[in-house]
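Taking full-length UniProt numbering, the leading residue of the sequence shown gets 1, the next gets one more, and so forth.
Each residue gets a CB set at the ideal place from its N, CA and C atoms; glycine is no exception.
To keep things clear, I will list the structure first and then write my remarks on it.
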Amino acid sequence: MVNVLSTKNTTTNNPPEKGLLARIRVASTALSRAERQVADFLLQKPHDALEMSIRVLAQVCNVSEPTVARFAQSLGFDGFKSFKLAFAKSLATGIPYLHLDVNQADHVKDVLPKVFDRTIAALMEARNTANSATFEAAVNLLARARRIECYGLGYSGALAIDAQLKFFRFGIPTTVFCDAHLQAQSASLLNSDCLVVAFSRTGRTRDLIRSVQLAKGTGAKVLVLCASGGPLAELADVHISVDVEEDPDIYTPMTSRLAHLTYIDALAVAVTLLRGPAAIDMLERAKASISEKRLVSKLDEAL
1 MVNVLSTKNT TTNNPPEKGL LARIRVASTA LSRAERQVAD FLLQKPHDAL
51 EMSIRVLAQV CNVSEPTVAR FAQSLGFDGF KSFKLAFAKS LATGIPYLHL
101 DVNQADHVKD VLPKVFDRTI AALMEARNTA NSATFEAAVN LLARARRIEC
151 YGLGYSGALA IDAQLKFFRF GIPTTVFCDA HLQAQSASLL NSDCLVVAFS
201 RTGRTRDLIR SVQLAKGTGA KVLVLCASGG PLAELADVHI SVDVEEDPDI
251 YTPMTSRLAH LTYIDALAVA VTLLRGPAAI DMLERAKASI SEKRLVSKLD
301 EAL
C-alpha cells in the first residue's frame, strides 16, 4: 500500500486536518483505480460524503468497504472514522476553491478576478497546511550549510534560480543548476557540509530524483519543496509539502509556483533572523552596492 501522506520530519504522526481536499487531489495520482473512485466522489461532492457511512459511500462509489478503508489508510489515517472526522474539520475550516478555474464560457473580464481569487485561495490553503516544525528544520539546514546548491528542472528551474538569488545574500556560496547533466555532475562532487535545495511540483521528475540520490551519496543534506507522496519527498532530510491544486486545463504551474516562491521568501527572512546581526549587515552591504545603479527619484532629491 502506498502511503501518499508522508509524515517524515514532522512532530506528530497524525495527518494534518486542514486542507484535506487539496491533499486528496494531489494524492489521487498515486492511488489505485478503485481508491481514485472514492477520491473523485469526495472531491465532487464533499458535503454529501459527510452524511454517508462507509457502507453507503462504498455503494455510491461502486467499490467495496475495504477499498474505502484502504483509501483512508493511504491518506495516512488509521481508518475511515478518523479520516471522516478530519475531513469534516477540513471542510469547516478550510478555504474552498469555489469553481475558480477559468473556462471557455468566461468573458475576458472574468479572467483577472478569477486568477486573483484562485491564487489567494491557494496561498491561504498552503499557509493553513504549513508545518512550523518542518519549516524550522529547513531554516536550520540552510543556516548551517557551508555551501548551497539549488536544483530544479523545467518550470521548477525558475524557482531554483529565485532561491539562489535570495540565499547567496547569506554570505554562503550558493549556486543553481537547471540542467540535468550539470546537476548530476555537481551533485556527485558535494560533501557533508553541503546542502541541496530541490524544487519540483510533483516530486516525480526522474532526472531530479537521480541528482538528489547522487548528492545523498556524498553525504550532503537535502531540503525538498514539492507535493506530498512522491519519491523525491522520501529522499529529503527535510521535506516541505507544497500541496496546491492546479487548474487541470492549464499545463504550466501557476498557483503552486507562487506557493513555492512564498516559501522561498519566508525561508530567506527566517535564516537572516537566525543568523543575527552579521547576516543583516551583509544584506545592507549588498543593498548599498547597487544603490548607485538606480536613477534618483524626485522624492529622493527633495529629501
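Judged by their CB atoms, F77 and L31 are not nearer to each other than the 9 Å cut-off.
Of the residues assessed, V26 falls on the buried side of the cut-off, its CB having 16 or more other CB atoms within 10 angstroms. For I148, the uninterrupted beta strand (DSSP E) segment begins and ends at R147 to Y151.
In summary, A143 is buried, with 16 or more beta-carbon neighbours lying within 10 Å of its beta-carbon over all protein chains present.
Our two residues, G219 and D193, have alpha carbons roughly 8 Å apart in a direct line. In the structure shown, S256 falls within a helical segment according to DSSP collapsed to helix, strand and coil.
Our two residues, F116 and M124, have alpha carbons roughly 12 Å apart in a direct line. Secondary structure in the UniProt domain "SIS" (138 to 277): the alpha helix (DSSP H) runs of 4 residues or longer, each lying completely within the stretch, are 156 to 167, 180 to 187, 206 to 217, 231 to 235 and 255 to 275 in chain order. Put simply, the backbone Cα of N131 is about 24 Å away from that of F80. Residue environment for E292: exposed (fewer than 16 other C-beta atoms within 10 angstroms of its C-beta).
The three-state secondary structure of M52, taken from DSSP, is coil. At the C-beta level, V224 and L235 come within 9 Å of one another. Where T119 is concerned, the enclosing alpha helix (DSSP H) starts and stops at V108 to T129.
In this structure the region 202 to 217 does not lie against the region 270 to 280, because fewer than three pairs of beta carbons, one per stretch, are closer than 8 Å. The region 139 to 156 makes contact with the region 177 to 194, as at least three CB pairs between them are under 8 Å.
Distance from the CA atom of A138 to the CA atom of Y263, rounded to whole angstroms, is 11 Å.
The C-beta of G217 has fewer than 16 other C-beta atoms within 10 Å across all chains shown, which makes the residue exposed.
Nearest neighbour of E245 by Cα position, chosen from K166, A126 and S90, turns out to be A126. Around K221, the same chain offers L141, L195 and D237 as residues with beta carbons nearer than 6 Å, after the five sequence neighbours per side are excluded.
Note on A133: under 16 other CB atoms within 10 angstroms of its CB, so exposed under the neighbour-count rule. For I290, the secondary structure class from DSSP, reduced to helix, strand or coil, is coil. Cβ contact annotation for Q183 (same chain, cutoff 6 Å, sequence separation greater than five): Y151, F177 and S211, in chain order. The three-state reading of DSSP puts A22 in helix, counting H, G and I together. Under the three-state reduction of DSSP, F135 is assigned to helix.
R285 is classed as exposed because its beta carbon has fewer than 16 other beta carbons within 10 Å across all chains shown.
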